[in-house]
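A.B. asks: The working numbering numbers the first residue of the first sequence as 16 and each following residue consecutively.
Yeah, the Cβ is synthetic: ideal placement off N, Cα and C, and Gly gets one too.
Remember, predicted model here, so these are calculated numbers, not experimental data.
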Amino acid sequence: MIALNLIRNEKERVLQGLQKKHFTAIHLVDEILTLDEVRKTTQKQMDDLLAQQNVAAKQIGGLMKEGKKAEAEAIKLQVAEWKASTETLKTELAQTEQKQFDLLVLLPNIPSQLVPNGRTPEDNEVIYTVPELPTLSSTAKPHWELTEQYGLIDFELGVKLTGAGFPVYTNKGARLQRGLINFFLDRATAAGYVEMMPPLLVNADSGFGTGQLPDKEGQMYHATVDDFYLIPTAEVPLTNIYRDVILKEEQFPIKMCGYTPCFRREAGSYGKDVRGLNRLHQFDKVEIVQFEHPDKSYNTLETMVKHVEGLLKELELPYRILRLCGGDMSFASALTYDFEVWSAAQQRWLEVSSTSNFESFQTNRMKTRFKDSSGKMQLAHTLNGSALALPRIVAALLENNQTASGIRLPKAIHSFVGMEIIN
RNA sequence: GGAGGAAUGGCAGAGUGGUCGAUUGCGGCAGUCUUGAAAACUGUUGAACUGAAAGGUUCCAGGGGUUCGAAUCCCUUUUCCUCCGCCA
16 MIALNLIRNE
26 KERVLQGLQK
36 KHFTAIHLVD
46 EILTLDEVRK
56 TTQKQMDDLL
66 AQQNVAAKQI
76 GGLMKEGKKA
86 EAEAIKLQVA
96 EWKASTETLK
106 TELAQTEQKQ
116 FDLLVLLPNI
126 PSQLVPNGRT
136 PEDNEVIYTV
146 PELPTLSSTA
156 KPHWELTEQY
166 GLIDFELGVK
176 LTGAGFPVYT
186 NKGARLQRGL
196 INFFLDRATA
206 AGYVEMMPPL
216 LVNADSGFGT
226 GQLPDKEGQM
236 YHATVDDFYL
246 IPTAEVPLTN
256 IYRDVILKEE
266 QFPIKMCGYT
276 PCFRREAGSY
286 GKDVRGLNRL
296 HQFDKVEIVQ
306 FEHPDKSYNT
316 LETMVKHVEG
326 LLKELELPYR
336 ILRLCGGDMS
346 FASALTYDFE
356 VWSAAQQRWL
366 EVSSTSNFES
376 FQTNRMKTRF
386 KDSSGKMQLA
396 HTLNGSALAL
406 PRIVAALLEN
416 NQTASGIRLP
426 KAIHSFVGME
436 IIN
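Here you go:
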């Protein structure tokens with residue numbers, strides 16, 4: 016949620032930012048500002064009435080003590096009138112605030128200066144790409160054939176147990192998952208991220224805090240009996256740890272990491288996009304999250320990008336890094352880098368990480384603040400990134416490293432997976 | 001799931017209808033003292049909205065009610081604690 020103050024003080028910048036994100040309902044900005052004026056006026060009227068009542072209440076108290084009942088009763092009559100007016104104003108105020116809030120949550124975050132203009136994935140800026148893409152023999156298989164050949168994943172069994180998009184990792188396939196999770200977690204903790212194991216179901220407040228609610232309600236599984244949501248990413252519980260918290264400046268940076276399964280409904284997906292491991296309803300991911308001082312969050316974003324890049328290098332996968340254009344970035348993000356690995360058999364790039372600075376978009380919703388050196392309350396900045404999401408990494412590992420004798424795993428994960436080759 | 005009890009400022013803990021936004025202690029911050037630190041002493045120390053400021057309003061788990069007036073009384077939701085039941 017954009018801070019109301021930003022709209023009040025830097026309306027032009029907000030408007031430009033919204034346009035860059037290809038947000039069309041620009042008129043909302045003026046509506047919000049109009050409502051703001053209405054709100055102030057109403058509040059002032061109400062506050063004045065309340066002030067009068069407070070004074071009167073004290074008078075009555077005094078008169079009662081002195082035994083001047085009649086005079087007290089006279090004032091009571093007056094107060095009753097004020098009270099009725101106050102009620103009306105109170106209702107008006109609540110309605111205005113609700114309207115303003117409803118509009119405010121519709122606005123996406125303002126993109127940073129670095130975000131390239133553009134609307135579609137083609138407009139994303141490639142800031143790094145491997146010098147040369149590997150070429151495989153004509154007999155190279157896509158990962159969904161390899162997982163079957165080596166007995167790593169049973170997609171059909173998942174369909175039986177749950178439905179499409181819920182694979183069962185079997186035998187060495189399960190071992191590979193566990194090894195990769197440990198590898199990613201160890202690298203994250205070595206980089207100073209504190210390991211967390213959060214709940215996999217969250218309440219609506221948490222969903223709101225990170226921006227999944229109300230904007231993306233349909234993307235989450237909803238356990239309606241208890242009104243809990245299955246997390247689409249560890250970002251949700253990890254970031255919400257600091258919801259309604261006032262931090263001390265010296266606590267920055269707060270660095271957390273966590274492995275969780277992630278659940279996404281992915282309604283409407285079909286075709287080659289969802290084949291095999293390309294898009295699942297349940298998948299595993301290690302997430303890194305930081306709370307940072309506003310002055311430092313962009314430097315921090317760079318360190319997170321370096322961290323994710325380091326993982327891909329260790330995994331010896333061909334990758335590229337994209338700076339997402341205004342039209343392709345997420346609702347809540349101010350700057351996003353996507354990491355894609357080359358799927359040799361499918362001849363396409365697969366997104367394996369999205370690393371973003373949300374600035375104060377999430378903390379404004381969560382009320383995560385700190386007192387700066389001048390004693391002023393400020394919203395903290397949040398950042399997060401996948402480090403990494405497993406399925407597409409597995410897909411790329413299998414496809415790129417397939418040989419006649421089996422799948423050769425990169426050296427970095429040998430000790431984690433307990434295998435050098437899958438055959 | 002059943003029966004009781006509780007929820008107050010960063011923490012601990014007073015306050016049971018009328019200057020209570022809240023006594024006090026700890027912690028934090030500033031100062032005195034000190035070569036420095038500690039100790040001691042003094043002062044200061046919640047948030048939101050509004051206002052140029054002075055000030056005003058709101059907030060004692062959340063919501064609703066009673067009253068001229070609620071942290072204080074009533075209803076309700078949530079959470080925590082104790083006991084019982086169930087359970088990996």
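Distance check for A427 and G325, CA to CA, integer angstroms please.
C.D. replies: As a working mapping, residue 325 is identified with position 310 in the first sequence. As a working mapping, residue 427 is identified with position 412 in the first sequence. G325 and A427 have their C-alpha atoms some 11 Å from each other.
A.B. asks: With three or more beta-carbon pairs closer than 8 Å as the criterion, would you say the segment 231–240 touches the segment 169–179?
C.D. replies: no
A.B. asks: Just grab the DSSP bridge partners of R363 for me.
C.D. replies: Taking the first sequence and counting its residues from 1, one reaches residue 363 at position 348. The beta-bridge partner set that DSSP reports for R363 consists of S358.
A.B. asks: Using the Cβ count rule (16 or more neighbours within 10 Å means buried), how would you classify L148?
C.D. replies: Working through the first sequence from its first residue, we reach residue 148 at position 133. Classification of L148: exposed, given that the 10 Å Cβ count is below 16.
A.B. asks: For the segment 405–417 and the segment 242–261, state whether three or more C-beta atom pairs, one from each stretch, are separated by less than 8 Å.
C.D. replies: no
A.B. asks: Across which residues does DSSP place K300 in a beta bridge pair?
C.D. replies: Residue mapping note: residue 300 aligns to position 285 of the first sequence, counting from 1. Paired residue(s): T275 and A404.
A.B. asks: What does a CB cutoff of less than 7 Å around F385 pick up in its chain, not counting 5 residues either side in sequence?
C.D. replies: Start at 1 with the first residue of the first sequence, and residue 385 comes out as number 370. Close CB contacts of F385 within its chain, under the 7 Å cut and outside five residues either way in sequence, are with I261, L262, K263, E264, Q393 and A395 (chain order).
A.B. asks: Could you tell me the alpha carbon to alpha carbon distance between I246 and V217, rounded to whole angstroms?
C.D. replies: In the first sequence, residue 246 corresponds to position 231, counting from 1. In the first sequence, residue 217 corresponds to position 202, counting from 1. If you take the alpha carbons of I246 and V217, they lie about 7 Å apart.
A.B. asks: Which residues in the same chain as R280 place their Cβ atom closer than 8 Å to its Cβ, once the five residues preceding and following it in sequence are excluded?
C.D. replies: As a position in the first sequence, residue 280 is number 265, starting the count at 1. Counting only Cβ-Cβ distances below 8 Å, and skipping sequence neighbours, we find G233, Q234, M235, Y236 and H296.
A.B. asks: Between R294, T101 and Q164, which lies nearest to Q417 when the distance is taken from Cα to Cα?
C.D. replies: Residue mapping note: residue 417 aligns to position 402 of the first sequence, counting from 1. Residue Q164 is the option with its Cα nearest to Q417.
A.B. asks: Given S312, which residues of its chain have a CB within under 7 Å of its CB, disregarding the five upstream and five downstream residues?
C.D. replies: Your numbering for residue 312 matches position 297 in the first sequence. Taken in chain order, the residues that qualify are N372, E374, H396 and L398.
A.B. asks: Rank V209, K26, I47 and E355 by C-alpha distance to the C-alpha of Y143 and give the top, closest one.
C.D. replies: Walking along the first sequence from the start, residue 143 turns up at place 128. Comparing Cα positions, the closest option is E355.
A.B. asks: Does R407 pass the burial test, meaning 16 or more other C-beta atoms within 10 Å, or should it be called exposed?
C.D. replies: Here residue 407 corresponds to residue number 392 of the first sequence, with the count starting at 1. Buried: at least 16 other Cβ atoms inside 10 Å.
A.B. asks: Is the beta carbon of N124 closer than 7 Å to that of F376?
C.D. replies: Looking up residue 376 in the first sequence gives position 361. Looking up residue 124 in the first sequence gives position 109. Yes, they are a contact pair.
A.B. asks: Going by C-alpha to C-alpha distance, which of A404, A419, G433 and R423 sits closest to L200?
C.D. replies: Against the first sequence, residue 200 aligns to sequence position 185. With distances taken between Cα atoms, L200 lies closest to A404.
A.B. asks: In this structure, how does DSSP classify Q110 when only helix, strand and coil are distinguished?
C.D. replies: Taking the first residue of the first sequence as 1, we reach residue 110 at position 95. Q110: helix per DSSP, three-state reduction.
A.B. asks: If N132 and G291 are in contact, beta carbons under 8 Å, what's the gap, nearest whole angstrom?
C.D. replies: The residue labelled residue 132 in the question sits at position 117 within the first sequence. The residue labelled residue 291 in the question sits at position 276 within the first sequence. That pair is no contact at about 34 Å.
A.B. asks: What beta strand (DSSP E) runs, 3 residues minimum, are completely inside the segment 201–271?
C.D. replies: 209–211 and 243–245
A.B. asks: For N438, which option in T162, Y244, L316 and K391 has the closest C-alpha, if you only look at C-alpha atoms?
C.D. replies: As a position in the first sequence, residue 438 is number 423, starting the count at 1. With distances taken between Cα atoms, N438 lies closest to T162.
A.B. asks: With DSSP as the reference, label K382 as helix, strand or coil.
C.D. replies: Translated into positions along the first sequence, residue 382 becomes position 367. Of the three classes helix, strand and coil, the one that applies to K382 here is coil, per DSSP.
A.B. asks: Roughly how many angstroms lie between the CA atoms of S127 and A349, to the nearest whole one?
C.D. replies: Along the first sequence, one-based indexing puts residue 127 at 112. Along the first sequence, one-based indexing puts residue 349 at 334. In a straight line, the C-alpha of S127 is about 5 Å away from that of A349.
A.B. asks: May I ask which residues mark the beginning and end of the alpha helix (DSSP H) holding V70?
C.D. replies: Here residue 70 is taken as the residue at index 55 of the first sequence, counted from 1. Where V70 is concerned, the enclosing alpha helix (DSSP H) stretches over H42 to K80.
A.B. asks: Distance check for L43 and L327, CA to CA, integer angstroms please.
C.D. replies: Residue mapping note: residue 327 aligns to position 312 of the first sequence, counting from 1. Residue mapping note: residue 43 aligns to position 28 of the first sequence, counting from 1. Looking at the two C-alpha atoms, the distance is approximately 42 Å.
A.B. asks: Judging by CA-CA distance, which residue of D241, H322 and N293 is the nearest neighbour of K270?
C.D. replies: Mapped onto the first sequence, residue 270 falls at position 255. Of the listed residues, the one whose Cα sits closest to K270 is H322.
A.B. asks: Could you check the C-alpha separation between Q31 and L104 for me, to the nearest Å?
C.D. replies: As a position in the first sequence, residue 31 is number 16, starting the count at 1. As a position in the first sequence, residue 104 is number 89, starting the count at 1. Each residue's Cα considered, the two are about 35 Å apart.
A.B. asks: Between P268 and F306, which are expected to be in contact by the criterion C-beta below 8 Å, what is the C-beta distance as a whole number of angstroms?
C.D. replies: The residue you call residue 268 lines up with position 253 of the first sequence. The residue you call residue 306 lines up with position 291 of the first sequence. At roughly 7 Å, the Cβ-Cβ gap stays under 8 Å, so P268 and F306 are in contact.
A.B. asks: DSSP on G421, reduced to helix/strand/coil?
C.D. replies: Mapped onto the first sequence, residue 421 falls at position 406. Strand at G421.
A.B. asks: Do you know how far the Cα of A99 is from the Cα of T135?
C.D. replies: Counting from one through the first sequence, the residue named residue 135 turns up at place 120. Counting from one through the first sequence, the residue named residue 99 turns up at place 84. Going by the C-alpha atoms only, they are around 55 Å apart.
A.B. asks: Take F431 and list the residues in its own chain whose beta-carbon comes closer than 6 Å to its own, dropping the five residues that flank it on each side.
C.D. replies: Locating residue 431 in the first sequence gives position 416, counting from the first residue. Around F431: G194, N197 and F198.
A.B. asks: Can you tell me the Cα-Cα spacing of K84 and D117, whole angstroms?
C.D. replies: For the purposes of this step, residue 84 is identified with residue 69 of the first sequence, where counting begins at 1. For the purposes of this step, residue 117 is identified with residue 102 of the first sequence, where counting begins at 1. Taking the straight line from one Cα to the other gives about 48 Å.
A.B. asks: Is the distance from the Cβ of A402 to the Cβ of V301 below 7 Å?
C.D. replies: For the purposes of this step, residue 402 is taken as residue 387 along the first sequence, with counting starting at 1. For the purposes of this step, residue 301 is taken as residue 286 along the first sequence, with counting starting at 1. Yes, the Cβ-Cβ distance between A402 and V301 is below 7 Å.
A.B. asks: Where A359 and A219 are concerned, what is the direct C-alpha to C-alpha distance, given to the nearest angstrom?
C.D. replies: Numbered from its first residue, the first sequence carries residue 359 at position 344. Numbered from its first residue, the first sequence carries residue 219 at position 204. Each residue's Cα considered, the two are about 41 Å apart.
A.B. asks: Within 10 angstroms of its Cβ, does K391 collect 16 or more other Cβ (buried), or is it exposed?
C.D. replies: Residue mapping note: residue 391 aligns to position 376 of the first sequence, counting from 1. Exposed, since its Cβ has fewer than 16 Cβ neighbours within 10 Å.
A.B. asks: Can you have a look at I22 and say buried or exposed, based on whether 16 or more other CB atoms are within 10 angstroms of its CB?
C.D. replies: As a first step, residue 22 is located in the first sequence; it is residue number 7 there, counting from the start. I22 comes out buried.
A.B. asks: State the start and end residues of the unbroken beta strand (DSSP E) segment that holds M392.
C.D. replies: Position 377 of the first sequence, counted from the first residue, corresponds to residue 392. Counting along the chain, the unbroken beta strand (DSSP E) around M392 starts and ends at M392 to L394.
A.B. asks: Is the closest heavy atom of the ligand COA to the C-beta of K300 under 6 Å?
C.D. replies: Ligands are entirely absent from the displayed structure, and the ligand COA is therefore not among its contents.
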